[in-house]
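Everything in the sequence shown is counted per this note's numbering, starting at 11 for the first residue and increasing by one. Note that beta-carbon positions come from the ideal geometry of N, C-alpha and C, so glycine has one too. If you're wondering where the values come from, they're calculated on a predicted model, not measured in any experiment. The structure appears below as structure tokens.
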Amino acid sequence: MAVENPRYGGTLTMVGAGDVDFLDPALAYHTVTRGIIRAYTRQLVTYRSSLDRAAVAMIVPDLATAADGPDADGRRYRFTLKDDVCWDAPTRIRPITAHDVVRGIKRLAHPLAPSPGLPYFLSSIEGLSEFRDRVAAVGDDPATIADALETTGVAGLRAEDERTVTFTTIRPIPDFLNILALPFATPAPVEYLRGVPGTAAQEQRVISCGPYRVAGYHPGETIALTRSAAWTPGSDDIRAAYVDEIVVRQGLDEDKCFALVMSGEADMLWDIQPPTDRLQGLFATGDPRLEVFPAGLFSPYLVINMWSANAGGALARPKVRQALQFAVDKAEVSRVWGGPRLNDIADQLLPPLCTAHRPFAPYATGGGRGDPERARLLLGEAGYPEGLTLKLVFRDRDIHPETAEVVREALARAGITAELVPASIGELFGSYLASPRAAREGRWDIALTGWEPDWHGHNGRVYLQALFDSSAASGDEGWGTNFGHYRSARTDQLIAGALSSSDQDLADELFRSAEAEIMQDAAVVPILFAHQYWLHASRVRGWLPYPVLNGDLTNLWLDGTDDREGYHL
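In structure tokens form, the structure reads like this:
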């Protein structure tokens, strides 16, 4: 897409309340992290940013010269790295190698900090599950683990030489290139073996292979990205890198953030959205500072903790979970989230932008208003005629407290008392949703969260495998983003069948069958399919979306900024 008079230079300032989950690409999964990770990481393949939905879903080469594969058997892929892709390493700039690519994939199975994206790779790459088990068996000493990661082979993952890497998949995987385009598949430099992913020390030594480097990270306060000395424009036809610096200011009040962007004192919101009333006003007037893009967000939805023993283990009972389906007033949540122009009521799991989607609404109510009387009836049939009390955990910033309040009020009408448990974004995922101990101890019963697709188009697996598959789970391990610890052999079988099918139409049919099974089990409460929207100041130009992100920071520029002398594509 042609751009109008792009300019180089200046500092893009983003303002918000919270922090990233992790800067390390092996673990980073939150939306806000994905907003900056494109600036300092690269993968073998990626996506272009574009307003064209077809274009934004197309895989294109990034670190690799081209995507070679699959072969005639549909299982083997071969990639050759570009000559001029380098690490901005602490001691010296040096080339990225095929061994770094292999190390990046292996590191996802680190037993002390497994990647939330690991299930995608375990179900795709030949021998990776066996590799994970062998590395886990060496114990919990970081140095021993590092040695095992480096020296233990993976059958389907091989560095042929310094610049050539091959992958062999378990079976034909139609979306394997989409998996390799995830930030999880970022190569890992040898320095990463010294640390455990996600630790405070490792977060301070993230090494760049993109156009920017992490120049400073003060958790909860600031993140500063500056130009990388190792990146060259000729090596990257995806990222233009117009601005000189990207700064994130954290810990600010939401209203102050909104005011700073509207006045032009800051350039973009970071991890929050405009207040509901102001958002509706911006949308109604067509304010060009508000970007809106249908993105297939499954957000928000209500996670149900299957392991909680609270209220006599009520949530293990299907009729209690079904009561929750009818208790929530989705229309009122929609109002908080900007109204029907910015979101759609969700009565199922697969959104309209997913190719597997077909309209399906087993618990629909008039206008999404809920049916408290039917919810009360189901509670009575489940053995709770006087109702019950549940702990509702939610993020404590942005529009989430108001969302939790309207959900609490709706549940009360159905005879369910919700005790509100506010948490920071780090606590929500780290201390509650991703903690098996917190689930078993009943520190939470239901949780408000959201899900953003990892890619567009044929993406049934990014909703169903990621959120509901339990085939890799054993005890407290292997649940990934199946936060409610939902287990169903039938669902796992249907998802496995979809993943093993090279016929995309058949795969989509199996995904729909899995969706029906999950909804019959009432594993979660769908609430909205939200559209993606973002606010920026007037001087921001060239804002473009691309998969799973709120805008491509590497391709926008700042109006009125002088050209960077001597720096040209």
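If only complete runs of 4 or more residues are kept, the stretch 479-529 shows the alpha helix (DSSP H) at 499-509, in order along the chain. Separation of V431 and A269 (C-alpha to C-alpha, rounded to the nearest whole angstrom) is 28 Å. Take A276, set aside five residues on each side of it, and the residues of its chain with a beta-carbon closer than 8 Å to its own are T23, M24, V25, R259, C267, L270, A547, in chain order.
Under DSSP, P328 shares a beta bridge with no residue. Runs of the beta strand (DSSP E) lying entirely within the stretch 45-98, each at least 3 residues long, are 55-57, 69-71, 74-78, 86-91, 96-98 in chain order. In the DSSP assignment, R168 falls within the unbroken beta strand (DSSP E) covering 167-169. When secondary structure is reduced to three states using DSSP, C364 falls in the strand class. Contact between D98 and R223 is confirmed by a C-beta separation of about 5 Å, below the 8 Å threshold. Judged by DSSP secondary structure, V112 falls within the alpha helix (DSSP H) whose first and last residues are 108-116.
Between the stretch 313-321 and the stretch 490-504, the count of C-beta pairs closer than 8 Å reaches three or more; the two stretches touch.
With contact defined as three or more Cβ pairs closer than 8 Å, the stretch 391-399 and the stretch 289-302 are not in contact. In this structure, L363 places its C-beta atom within 8 Å of the C-beta atom of G306.
With respect to V338, E412 sits apart: the two C-beta atoms are not nearer than 8 Å. Along the stretch 377-456, the alpha helix (DSSP H) occurs as fully enclosed runs of 4 or more residues at 382-391, 410-423, 446-450, listed in sequence order. Between A250 and N565, the C-beta spacing is below 8 Å. Checking the DSSP bridge columns, you'll see H546 partnered with M278.
If you draw a 10 Å sphere on the C-beta of G274, you find fewer than 16 other C-beta atoms in it, and that means exposed.
In the same chain as T51, and ignoring 5 residues on each side of it, the C-beta atoms closer than 7 Å to its own belong to P35, P193, T196, C219, G220, in chain order.
Annotated as proximal: F336 and T375, with beta-carbon spacing under 8 Å. By the Cβ test, the stretch 124-140 is in contact with the stretch 472-492, since at least three Cβ pairs between them sit closer than 8 Å. Within the same chain, L132 come within 7 Å of S139 by CB-CB distance, once the 5 residues on both sides are set aside.
In the pairwise beta carbon analysis, the stretch 88-102 is classified as not touching the stretch 179-189: fewer than three pairs are separated by under 8 Å.
Residues of the same chain with a CB within less than 7 Å of the CB of V145, apart from the 5 flanking positions on each side, are A119, P121, I155, A158, L159, T162 in chain order.
Beyond the five residues adjoining it in sequence on each side, D562 comes within less than 6 Å, by CB distance, of S59, L554, Y556 in the same chain, given in chain order. In the three-state DSSP reduction, P197 falls in the coil class, being neither helix nor strand. Among the bridge pairs identified by DSSP, I256 is matched with L22, L235.
Rounded to the nearest angstrom, the gap between the Cα atoms of V55 and Q503 is 30 Å.
Note on geometry: alpha-carbon atoms of A76 and I69 lie some 10 Å from one another. By alpha-carbon distance to T232, the top candidate from P463, G28, A65, G440 is G28. Around the beta-carbon of L334, 16 or more other beta-carbon atoms lie within 10 Å, marking it buried. Minimum Cα-Cα distance from L292 among the listed residues R17, E172, L545 corresponds to L545. For S344, the enclosing alpha helix (DSSP H) stretches over residues 340-346. Cβ-Cβ distances below 8 Å link S523 to L504 in the same chain, with the five nearest sequence neighbours on each side left out; the list follows chain order. Selection A457, R104, V95 evaluated against D246 yields V95 as nearest (Cα-Cα). Relative to the Cα of E487, the nearest Cα in the group A449, R379, A508, F370 belongs to A449. DSSP, reduced to helix, strand and coil, places Y473 within a helical segment of the structure shown.
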